[in-house]
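Undergrad:
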Amino acid sequence: MVPSSTYRVQLHAGFTFRDAARIVPYLRRLGVSHLYCSPIQQAASGSTHGYDVVAHARLSDELGGEEGHRELTEMRRGHGMGEVVDIVPNHMAVGGRDNGWWWDVLEYGPVSRYAGYFDIDWTGAPGKDRPTVLRPVLEDQYGRVLEAGAITVVRTAGAFTVRVGEHELPLSPLSLGDLIGAAADQLGLPELGELARAARALARAAPPGSDRSAELHRRADDLRDRLARLCREEPSAAGALDAAVRAVNASPDRLDLLLQAQPYRLAWWRTASEELDYRRFFDIESLIGLRVEDPAVFADTHHLIGELVAAGVVDGLRVDHIDGLRDPLGYLVRLRAASAGVYTVVEKILEADEVLAEDWPVSGTTGYDFLARVNRLFVDPDNESALTACYQQFIDADAPYEEVVHAAKLQVLSQNLASELHSLTRLLATVCRRHRRHRDHTERDLGDALSEVLAAYPVYRTYVQPGRGPSAADRDHVALAVQRAGRRRPDLDRELLQFLGQLALLEHPGAAEAEFALRLAQISAPVMAKGVEDTAFYRYHRLTSLNEVGGAPGDFGSRPADFHRHTARTAAHWPETMLTLSTHDSKRGADVRARINLLSEMPKAWADAVAALADHNQRHRRGRWPDRNAEYLLYQTLVGTWPISAERIVAFMEKAAREAKVHTSWISPAAEYEQALAGFARDVLADRVFVHLLEDFLGCHRLVRLGRVNSLAQTTLLLTCPGVPDLYQGSELWDLTLVDPDNRRPVDFRERARLLERLGHEPPPLDLGDDSAGAWKLWLISRLLDHRQRHPAAYRPDPYRPLIVRGPRADHAVAFARRSLTVVVPRLIVGLQDDWQGSAVELPAGRWRSILTGESVDGELTPLAHLLRRCPVAVLSREPA
Numbered sequence: 001m002v003p004s005s006t007y008r009v010q011l012h013a014g015f016t017f018r019d020a021a022r023i024v025p026y027l028r029r030l031g032v033s034h035l036y037c038s039p040i041q042q043a044a045s046g047s048t049h050g051y052d053v054v055a056h057a058r059l060s061d062e063l064g065g066e067e068g069h070r071e072l073t074e075m076r077r078g079h080g081m082g083e084v085v086d087i088v089p090n091h092m093a094v095g096g097r098d099n100g101w102w103w104d105v106l107e108y109g110p111v112s113r114y115a116g117y118f119d120i121d122w123t124g125a126p127g128k129d130r131p132t133v134l135r136p137v138l139e140d141q142y143g144r145v146l147e148a149g150a151i152t153v154v155r156t157a158g159a160f161t162v163r164v165g166e167h168e169l170p171l172s173p174l175s176l177g178d179l180i181g182a183a184a185d186q187l188g189l190p191e192l193g194e195l196a197r198a199a200r201a202l203a204r205a206a207p208p209g210s211d212r213s214a215e216l217h218r219r220a221d222d223l224r225d226r227l228a229r230l231c232r233e234e235p236s237a238a239g240a241l242d243a244a245v246r247a248v249n250a251s252p253d254r255l256d257l258l259l260q261a262q263p264y265r266l267a268w269w270r271t272a273s274e275e276l277d278y279r280r281f282f283d284i285e286s287l288i289g290l291r292v293e294d295p296a297v298f299a300d301t302h303h304l305i306g307e308l309v310a311a312g313v314v315d316g317l318r319v320d321h322i323d324g325l326r327d328p329l330g331y332l333v334r335l336r337a338a339s340a341g342v343y344t345v346v347e348k349i350l351e352a353d354e355v356l357a358e359d360w361p362v363s364g365t366t367g368y369d370f371l372a373r374v375n376r377l378f379v380d381p382d383n384e385s386a387l388t389a390c391y392q393q394f395i396d397a398d399a400p401y402e403e404v405v406h407a408a409k410l411q412v413l414s415q416n417l418a419s420e421l422h423s424l425t426r427l428l429a430t431v432c433r434r435h436r437r438h439r440d441h442t443e444r445d446l447g448d449a450l451s452e453v454l455a456a457y458p459v460y461r462t463y464v465q466p467g468r469g470p471s472a473a474d475r476d477h478v479a480l481a482v483q484r485a486g487r488r489r490p491d492l493d494r495e496l497l498q499f500l501g502q503l504a505l506l507e508h509p510g511a512a513e514a515e516f517a518l519r520l521a522q523i524s525a526p527v528m529a530k531g532v533e534d535t536a537f538y539r540y541h542r543l544t545s546l547n548e549v550g551g552a553p554g555d556f557g558s559r560p561a562d563f564h565r566h567t568a569r570t571a572a573h574w575p576e577t578m579l580t581l582s583t584h585d586s587k588r589g590a591d592v593r594a595r596i597n598l599l600s601e602m603p604k605a606w607a608d609a610v611a612a613l614a615d616h617n618q619r620h621r622r623g624r625w626p627d628r629n630a631e632y633l634l635y636q637t638l639v640g641t642w643p644i645s646a647e648r649i650v651a652f653m654e655k656a657a658r659e660a661k662v663h664t665s666w667i668s669p670a671a672e673y674e675q676a677l678a679g680f681a682r683d684v685l686a687d688r689v690f691v692h693l694l695e696d697f698l699g700c701h702r703l704v705r706l707g708r709v710n711s712l713a714q715t716t717l718l719l720t721c722p723g724v725p726d727l728y729q730g731s732e733l734w735d736l737t738l739v740d741p742d743n744r745r746p747v748d749f750r751e752r753a754r755l756l757e758r759l760g761h762e763p764p765p766l767d768l769g770d771d772s773a774g775a776w777k778l779w780l781i782s783r784l785l786d787h788r789q790r791h792p793a794a795y796r797p798d799p800y801r802p803l804i805v806r807g808p809r810a811d812h813a814v815a816f817a818r819r820s821l822t823v824v825v826p827r828l829i830v831g832l833q834d835d836w837q838g839s840a841v842e843l844p845a846g847r848w849r850s851i852l853t854g855e856s857v858d859g860e861l862t863p864l865a866h867l868l869r870r871c872p873v874a875v876l877s878r879e880p881a
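Below, the structure written as structure tokens:
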């Protein structure tokens, strides 16, 4: 069943299944058809988002487990509401004991029964003399931590673990021979000596092999059981083992020798950026990549979800980070079969005119493309040069967005994703040795060429696979990347760049060549995500409302014709795709963007205001800090979120500065800069003159009221355009939130339920400028969702028809018709003053009734002033003939 609408909730220990069950009656009254949950499988302890799954086979204990989810299911079913669930096929949290698969890998290394579940390079990294996996959990250099006594071995019954601060790792049963032997020698107990011999025999039996691996695990389990039983029955044996452990802990040399025998390498956390030997999620070393392309891994990670779907408990799936997978199409085909074709959307960022592959068996994306398309509609493209000049003059720099992106990608590749780049470069070197025209390139040559091509990718990735030829889009994107790389770096070998392009498109046979193409596609996605979304978006602040996931700050604005063209394509190809304006990943709430977008319509007034604010705040600066770029970001943020507390602003500015990676970063925080930035933000918000200047600017230009008009207009598009609208938790009222964790703060659902109860069918009897509670937005959403529920045929897949708007204000309205629905919303409203100067829209023939006001009009050239007289937006339903 395709949802009529969804409501996204973020589940965690502070908002569980039972908490979600309590809001079901409210959501049903609001008109929502499906609850849309963040991941529900067992995540790492204390997880606030659920994307760090540690056990796919069970529902999260912290969320309430099976019992809590059963209560939620019963409540939903009692109110006729479905459930869409977020699933995470790309990665797991390494965790500790909670992730039994990973724990087994740390115990047994390549002979673990789960070694093939994770994307680990056991032998390829330089300097490896045996198969190990890096564990970069130390706070300092390994030797220093070891000699400081911060690494210890601990015995519990018949098992041994390694403790490092908050981290716990297993001591491999394959390495216990000498430790148990030392205890046996001290005590002279025959049974202990027998176990020492068994442990040494276990180590000799370690070579991998599927049958040998199962037998090895059985023998290791038997050794642990026997050792535990002996310790219970013979206290002297337990004492001797503990004494042997103390002796190892007291000797850095002996402890080092024991740690060197483990299937993992303990290391300083900083080594992860260059020496990590497993695929991770972006640059987060605690999230390890899964090989979900393996049928066994797919079966074990999707069994529970499959059961929930088969039982009718789960009605839809949202697939997280589809671009991280080795074979997205293959995965989706398998998922469709396993889920009986249930409603499924994928988290996929589409760049510019990129389109979703039509052979993907899904209903569409999670809606970032719609978010960007709507957002650009409310930015005035005619004022791009003026806003650019204002920004460049303020920061005293000429920083084209394309240059910012390129620099950010290269920095991310050289720092955050250096280990991935090094690994891919080594593989490329292996490939080049097989091709005599490229055999003499050094790894530096190859790394430079790879970096430039990856930095030049215009999209997240290609989708090449052995046995399936590259698509025309793949060819175009790779050709553009190679061309850009050659243009930027004329010193690079052109033939090498062309060779890279050929490899990316699988134009050379060979296993290593194919592996390179597949890994290149998996790496290009995090380069784009980290370089653009998590770096460039925090460096380039010409108009920050455009710096949104799925958006492109370099594309300043669009016109109604562009919006209609893209929306018509969606209606034709992806009519059931998800639509959204805000998500848990948003950089700014939809209403923050709606207000900031107004600045694009008033560049002169904004430039004057910024100059005045900066001049006044000169007294609050700490020497040269903060930099002008951060200051410009601060002023736009205050315009978009006012009123806001100093605590929220300081937290946002710190995160923005660290993400930008210019003066400070998460890896290397610069205390002096961050303190100066925080002090500046606190001082200006405590300055009554500054606050007066800011509020005077907002009031003089009616930015709060006009921002709310923009909000209602974009919300109307969300709820009426082809697709399935999704509301992010709390956004049914004015949503002045910033990037996480700000947008994941607790939501007051009681307040919303009380306000909804007070609303009637008529528009709220107060001016938008006075509606601090958000009654207008809640009323609009409830009216349109109610209509979607009662008249589903009006929103089913059908042709999308742009309507002609005539008159001097024609460019200030967007109008379209569907099967039995007509929608008109305003745009670019600064200076409009509700004066439409006789502009009118050509409604389709017939009699139309307003869903919002109840008024009727005939299909003809209808004045916009009449349609928008009582409500800032118009949604009309065709009356029966």
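At position 15 of the sequence shown the residue is numbered 15 (the working numbering), and the sequence of numbers has no breaks. Ideal placement from N, C-alpha and C gives every residue a C-beta, glycine not left out.
1) Identify, in the order they occur along the chain, each residue of the same chain with its Cβ nearer than 6 Å to the Cβ of LEU230, setting aside the five sequence neighbours on each side.
2) Pull up the CB-CB distance for ASP242 and ARG155, whole angstroms please, since I reckon it's below 8 Å.
3) Should LEU503 and GLU513 be called a contact, given that it needs their Cβ atoms to be closer than 7 Å?
4) Taking the continuous beta strand (DSSP E) assigned at GLU842, which residues delimit it?
5) Relative to the alpha-carbon of LEU63, which residue among THR48, ALA611, ARG76, ARG77 has its alpha-carbon at the smallest distance?
6) Excluding the five sequence neighbours on either side, which residues of its own chain have a C-beta within less than 6 Å of the C-beta of PHE281, listed in chain order?
7) Closer than 8 Å by C-beta to ASP396: which residues in its own chain qualify, once you throw out the five before and the five after it? Chain order, please.
8) Which whole runs of the alpha helix (DSSP H) in the region 345-378 are 4 residues long or more, in chain order?
9) Let me check understanding here. Comparing Cα to Cα, which of ARG58, TYR795, LEU189, GLY846 lies closest to ASP858?
10) Consult DSSP for PHE697 and reduce its assignment to one of helix, strand or coil.
11) Could you compute how far the alpha carbon of PRO703 sits from the alpha carbon of TRP606?
12) Tell me which same chain residues have a C-beta within less than 8 Å of the C-beta of ALA670, skipping the five on either side of it?
13) Where does ALA148 fall in DSSP's three states?
14) Out of SER668, ILE851, VAL313, LEU756, state which residue places its alpha-carbon closest to the alpha-carbon of THR73.
15) Taking the alpha helix (DSSP H) that THR16 belongs to, which residues open and close that run?
16) Excluding five sequence neighbours on each side, which residues of the same chain lie with their C-beta closer than 7 Å to the C-beta of HIS901?
17) Report all residues from its chain with a CB closer than 7 Å to the CB of ALA228; omit the five preceding and five following residues, and keep chain order.
18) Under DSSP, the beta strand (DSSP E) around GLN675 begins and ends at which residues?
19) Ignoring anything shorter than 3 residues or poking outside the region 566-604, list the beta strand (DSSP E) runs there in chain order.
20) Does DSSP put VAL9 in a helix, a strand or coil?
21) Of the residues ARG334, LEU387, ASP353, which one's Cα is nearest the Cα of VAL362?
22) Across the region 729-745 and the region 817-834, are there enough close Cβ pairs to call them in contact, namely three or more that are closer than 8 Å?
23) My guess is that LEU387 and ARG559 are in contact by the Cβ rule of under 8 Å, so how many angstroms apart are they, rounded?
24) Determine the closest residue to GLU452 out of GLY531, VAL9, TYR51, with distance taken between C-alpha atoms.
25) DSSP three-state label for MET92, please.
26) Can you have a look at ARG593 and say buried or exposed, based on whether 16 or more other CB atoms are within 10 angstroms of its CB?
27) With C-beta atoms as the reference, is VAL94 less than 7 Å away from TRP102?
28) Check the DSSP bridge columns for HIS167 and list the partner residues they point to.
29) Within a Cβ cutoff of 6 Å, which residues of the same chain sit near TRP575, ignoring the five residues on either side of it in sequence?
30) From the DSSP output, read off the bridge partner residues of THR156.
31) Going by C-alpha distance, which of VAL459, ARG790, ARG708 is nearest LEU828?
32) What ranges does the alpha helix (DSSP H) occupy inside the region 804-868, keeping only unbroken runs of at least 4 residues that lie completely in it?
33) On the three-state DSSP scale, how would you describe ARG468?
34) Mind checking LEU785: buried by the 16 CB within 10 Å criterion, or exposed?
35) What residues match up with VAL85 in a beta bridge as DSSP calls it?
36) Give the single residue among GLU495, HIS812, TRP836, SER711 whose Cα lies nearest to the Cα of ARG437.
TA: Taking the geometry as given:
1) Residue numbering aside, residue 230 sits at position 230 when the sequence shown is read from its first letter. Close CB contacts of LEU230 within its chain, under the 6 Å cut and outside five residues either way in sequence, are with GLU191, ALA237 (chain order).
2) Here residue 242 corresponds to residue number 242 of the sequence shown, with the count starting at 1. Here residue 155 corresponds to residue number 155 of the sequence shown, with the count starting at 1. Confirmed, Cβ separation roughly 6 Å.
3) Residue numbering aside, residue 503 sits at position 503 when the sequence shown is read from its first letter. Residue numbering aside, residue 513 sits at position 513 when the sequence shown is read from its first letter. In this structure, GLU513 lies closer than 7 Å to LEU503 by Cβ.
4) The residue you call residue 842 lines up with position 842 of the sequence shown. Here the beta strand (DSSP E) through GLU842 covers 840-842.
5) Within the sequence shown, residue 63 is the residue found at index 63, counting from 1. Minimum Cα-Cα distance from LEU63 among the listed residues THR48, ALA611, ARG76, ARG77 corresponds to THR48.
6) Counting from 1 along the sequence shown, the entry for residue 281 is found at position 281. Leaving aside the five residues that flank PHE281 on each side, the residues in its chain whose CB is nearer than 6 Å to its CB run, in chain order, HIS91, LEU287.
7) Within the sequence shown, residue 396 is the residue found at index 396, counting from 1. Excluding sequence neighbours, ASP396 sits near ARG628.
8) The region 345-378 contains these whole alpha helix (DSSP H) runs: 368-377.
9) In the sequence shown, residue 858 corresponds to position 858, counting from 1. Of the listed residues, the one whose Cα sits closest to ASP858 is GLY846.
10) Reading the sequence shown from its first residue, position 697 is the one you call residue 697. In the structure shown, PHE697 sits in a helix (DSSP, three-state: H, G or I).
11) Residue numbering aside, residue 703 sits at position 703 when the sequence shown is read from its first letter. Residue numbering aside, residue 606 sits at position 606 when the sequence shown is read from its first letter. Checking the sequence shown, residue 703 turns out to be Leu, not Pro. Spanning the alpha carbons of LEU703 and TRP606 requires a straight line of approximately 12 Å.
12) Here residue 670 refers to the residue found at position 670 of the sequence shown. Cβ within range, chain order: HIS663, THR664.
13) Against the sequence shown, residue 148 aligns to sequence position 148. In the structure shown, the three-state DSSP call for ALA148 is coil.
14) By one-based count along the sequence shown, residue 73 stands at place 73. Residue VAL313 is the option with its Cα nearest to THR73.
15) Reading the sequence shown from its first residue, position 16 is the one you call residue 16. THR16 -> no alpha helix (DSSP H), and no H or E assigned at all.
16) As displayed, the chain neither begins before 1 nor continues past 881, which places residue 901 out of reach and without an answer.
17) Here the question's residue 228 lines up with position 228 in the sequence shown. Taken in chain order, the residues that qualify are ALA157, GLY158.
18) Indexing the sequence shown from 1 puts residue 675 at position 675. No beta strand (DSSP E) contains GLN675, which is instead part of the alpha helix (DSSP H) from 671-686.
19) When DSSP assignments are scanned along the region 566-604, the uninterrupted stretches of beta strand (DSSP E) that are 3 or more residues long and fall wholly within it turn out to be 578-580.
20) Numbered from 1 along the sequence shown, position 9 holds the residue referred to as residue 9. Strand at VAL9.
21) To locate residue 362, count along the sequence shown from 1; it is residue 362. Checking every option, the nearest Cα to that of VAL362 belongs to ARG334.
22) Using a C-beta cut-off of 8 Å, the region 729-745 makes no contact with the region 817-834, since fewer than three inter-stretch Cβ pairs fall below that distance.
23) In the sequence shown, counting from the first residue as 1, residue 387 sits at position 387. In the sequence shown, counting from the first residue as 1, residue 559 sits at position 559. By a beta-carbon distance limit of 8 Å, LEU387 does not contact ARG559. Their separation comes to about 17 Å.
24) By one-based count along the sequence shown, residue 452 stands at place 452. Ranking the options by Cα distance to GLU452, first place goes to GLY531.
25) For the purposes of this step, residue 92 is taken as residue 92 along the sequence shown, with counting starting at 1. Strand.
26) Counting from 1 along the sequence shown, the entry for residue 593 is found at position 593. Around the beta carbon of ARG593, a 10 Å sphere encloses 16 or more other beta carbons of the protein chains shown; the residue is thus reported as buried.
27) Along the sequence shown, read from residue 1 onward, the residue named residue 94 stands at position 94. Along the sequence shown, read from residue 1 onward, the residue named residue 102 stands at position 102. Between VAL94 and TRP102, the gap from beta carbon to beta carbon is short of 7 Å.
28) Walking along the sequence shown from the start, residue 167 turns up at place 167. In DSSP, HIS167 forms a bridge with VAL164.
29) Residue numbering aside, residue 575 sits at position 575 when the sequence shown is read from its first letter. In the sequence as displayed, the identity of residue 575 is Pro instead of Trp. Excluding positions up to five away in sequence, the list reads PRO722, PRO797.
30) Here the question's residue 156 lines up with position 156 in the sequence shown. THR156 pairs with ALA159.
31) One-based indexing of the sequence shown puts residue 828 at position 828. Restricting attention to VAL459, ARG790, ARG708, the CA atom closest to the CA of LEU828 is found in ARG708.
32) Whole alpha helix (DSSP H) segments, 4+ residues: 864-867.
33) Start at 1 with the first residue of the sequence shown, and residue 468 comes out as number 468. It is a strand residue.
34) The count along the sequence shown starts at 1 and reaches residue 785 at position 785. By the 10 Å Cβ count, LEU785 comes out buried.
35) As a first step, residue 85 is located in the sequence shown; it is residue number 85 there, counting from the start. Answer by DSSP bridge pairing, in chain order: CYS37, LEU317.
36) For the purposes of this step, residue 437 is identified with residue 437 of the sequence shown, where counting begins at 1. Of the candidates GLU495, HIS812, TRP836, SER711, the one whose C-alpha sits nearest the C-alpha of ARG437 is GLU495.
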